[in-house]
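Scroll down for the structure; my scribbles are underneath it.
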Amino acid sequence: MIARSYLSLGEKDQAITAFRRLMSEHPDSEYIEAASKELRYVEGE
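Each residue of the sequence shown is one higher than the last, beginning at 24 in the working numbering.
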């Protein structure tokens with residue numbers, strides 16, 4: 024996921040946007056569960 028790349032670069036806001044975009048544009052993706060968990064973690068930091 025591109026959101027993970029943003030996180031590794033320290034771009035937290037970009038990562039959050041990418042996680043949300045994935046979840047809204049691809050609700051049936053196999054990555055939804057992982058994206059949701061990571062989004063909650065990142066937002067909680």
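We put the CB at the ideal spot given by N, CA and C, even for glycine.
Values in this document were obtained by computation on a predicted structure and should not be read as measured data.
*If A41 and I55 are in contact, beta carbons under 8 Å, what's the gap, nearest whole angstrom?*
To locate residue 41, count along the sequence shown from 1; it is residue 18. To locate residue 55, count along the sequence shown from 1; it is residue 32. With 8 Å as the limit, A41 and I55 do not qualify as a contact, their Cβ atoms being about 13 Å apart.
_Just to check my reading of the structure: R44 and L62 have Cβ atoms closer than 8 Å, yes? What is that Cβ distance to the nearest angstrom?_
For the purposes of this step, residue 44 is identified with residue 21 of the sequence shown, where counting begins at 1. For the purposes of this step, residue 62 is identified with residue 39 of the sequence shown, where counting begins at 1. Contact flag wrong, Cβ pair sits at about 11 Å.
*Which same chain residues, not among the five before or five after L30, have their C-beta less than 6 Å away from its C-beta?*
Taking the first residue of the sequence shown as position 1, residue 30 is located at position 7. These residues qualify, in order along the chain: A38.
*Could you check where the alpha helix (DSSP H) with G67 kicks off and where it finishes?*
Here residue 67 refers to the residue found at position 44 of the sequence shown. Segment I55 to G67, the alpha helix (DSSP H) holding G67.
_Between A58 and M46, how many whole angstroms is the CB-CB distance? I'm expecting something under 8 Å._
Within the sequence shown, residue 58 is the residue found at index 35, counting from 1. Within the sequence shown, residue 46 is the residue found at index 23, counting from 1. Going by Cβ atoms, the distance from A58 to M46 rounds to 6 Å, so yes, they are a contact pair.
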